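A.B. asks:
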Amino acid sequence: MKFKYFLFFLSPILLFGDFQKDAILSDAPPKDAIRSARTCHDLNGVYVTGDFLYWKVMQDELQYAARFIPTFTASLTTIDIQAKEIDFEYKPGFRIGLGGDLPWNGWDLYLSWTRLSFDISSSTTSDSADLFLITGDEGFSFLGRKAKIKWDFTYNSLEFDYGRRMFLDSSWVIRPSFGMKTVWFDQESHQSLFEVESFNPNGVGLAGANEYWRGEFDYWGIGPFASFYGKWNWVYGLGIAGQVSGAILWYDIDEKVRSFENEIDNQGPQPNVSQTLVRLNFDTHRVRPYIQAFIGLDWERCFIPKWLSAQLAIGYEVQYFWSVVVNPLGNDDIPTSFEGLTLKARIDF
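Residue numbers (the numbering used here): 1 to 349.
(1) Consult DSSP for Ser117 and reduce its assignment to one of helix, strand or coil.
(2) Let me confirm a value: Leu109 is counted as buried when at least 16 other C-beta atoms fall within 10 Å, else exposed. Which label applies?
(3) Give every residue of the same chain whose Cβ lies closer than 7 Å to the Cβ of Ile24, excluding the five residues on either side of it in the sequence, and list them in chain order.
(4) For Ile86, collect the residues of the same chain with a Cβ closer than 7 Å to its Cβ; drop the 5 residues on either side in sequence, then sort them by chain order.
(5) If you draw a straight line from the C-alpha of Asp130 to the C-alpha of Leu143, how long is it?
(6) Cutting at 6 Å between CB atoms, please list the residues of its own chain near Tyr54, excluding the five before and the five after it.
(7) Mapping DSSP to helix, strand and coil, what is Phe353?
(8) Pick out whichever of Trp307, Gly230, Ser117 and Gln82 has its Cα sitting closest to the Cα of Trp184.
(9) Here's a check: name, in chain order, each residue in its chain whose Cβ is nearer than 6 Å to the Cβ of Ser126, leaving out the five neighbours to either side.
(10) Return the CA-CA distance between Val318 and Val57, expressed in angstroms with no decimal places.
(11) Spatial neighbours of Glu195 within its chain, please: CB distance less than 7 Å, with the 5 preceding and 5 following residues excluded, ordered by chain position.
(12) Mapping DSSP to helix, strand and coil, what is Asn262?
(13) So what does DSSP say about Ser123, is it helix, strand or coil?
(14) Specify, as a first and last residue, the run of the beta strand (DSSP E) that Tyr47 falls within.
(15) How would you call Asn44, buried or exposed, if buried means at least 16 neighbouring beta carbons within 10 angstroms?
(16) Would you report the Cα separation of Trp107 and Asp348, rounded to the nearest angstrom?
(17) Which whole-angstrom value is the C-beta distance of Ser274 and Ser198, which I expect to be below 8 Å?
(18) Rounded to whole angstroms, what's the CA-CA distance from Ile13 to Leu280? Just pull it up for me.
(19) Here's the rule I'm using: 16 or more other beta-carbon atoms within 10 Å means buried, otherwise exposed. How should Asn272 be labelled?
(20) Let me confirm a value: Ala207 is counted as buried when at least 16 other C-beta atoms fall within 10 Å, else exposed. Which label applies?
Okay, here's the thing in structure tokens:
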């Protein structure tokens, strides 16, 4: 499916990359139209982009374990819960793109592909059995001495837009654009609890099996996309640049969860430990918004008129996806966001 959509977005750029070179003068807009802001004014061809991303992914409700600390008095029992959250880390990623200038006064087509991959592990230990997994169905019947989580997260997106880079005045450049955006989220979460025993305030509890929780979450979204780029030029092509964009995405959601838990069986003369395997499958659809923002320093230069120009930018970027992860057993949907350093490069030829 990914390759099919890639060809769908790429073919218009390749067609127009050749067609624009044969454009005739009669297609030119009126002379009073806002002037195009290409780095080399007479350069009308193809451009490529490559961005280095050093981002951190953030997602709510990734507290994987908690300590259960009861305090008993004659008339009151106090329970303290200390949650442990996954250690989010910055990881490298990339975004590459291909664009083609159109023959109509600075309009262009642009396709970009973004990829991020995260593999994060966290663990916590305790001298006594006072840890439990946070999985949405918490209980204090069984506790363990060690808990860990392994979280694999992969993100891919394609953006295809149609826009025009133009001058507002001698120092301000803008590029409004619109198009389509499609995204893929693939997540796997593995939570485990070791050295498990039943809770017994008066001593050692019954030994239980190691508990685990496994979740696989696959999301695909597509929808209309709009963006606005602006740059304030200072001197020699250097300036401050910013971009905001947004989309309304329709998601196809597929979630699978497996959990293995201990339970106390009191049906016999003596309490025994039994295990329960729970399976959850959930397929649904949602419509959710998305926003993105970038701000940083930008430099561009025309090296060979009509032949070659280049552009570099460095700055901070953030992306926010509303309620991507759906909790079928709770009331809250879970957002996902990215943030971090972005280094951009572009070559026109």
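All residues carry an ideal CB built from backbone N, CA and C; glycine is no exception.
For clarity, every value in this text was computed on a predicted model and none was experimentally measured.
C.D. replies: From the atom records:
(1) strand
(2) buried
(3) Low confidence applies to Ile24: its pLDDT is 36, below 50, so where it sits in the model is not reliable, and the reading given next is rough at best. Once the five neighbours on either side are set aside, Ile24 has no close Cβ partner at all.
(4) Leu62, Tyr64, Ile120, Ser122, Ile149 and Trp151
(5) 5 Å
(6) Tyr90, Pro92, Gly340 and Leu341
(7) Residue numbering for the chain in the displayed model covers 1 to 349; residue 353 lies beyond these limits and cannot be assessed.
(8) Ser117
(9) Arg145
(10) 10 Å
(11) Ala129, Gly144, Arg145 and Lys146
(12) strand
(13) strand
(14) Val46 to Gln59
(15) buried
(16) 14 Å
(17) That pair is no contact at about 11 Å.
(18) Confidence in Ile13 is poor, its pLDDT being 49 and thus under 50, which makes the residue's placement unreliable; the coordinate value appears in the next sentence. In a straight line, the C-alpha of Ile13 is about 43 Å away from that of Leu280.
(19) exposed
(20) exposed
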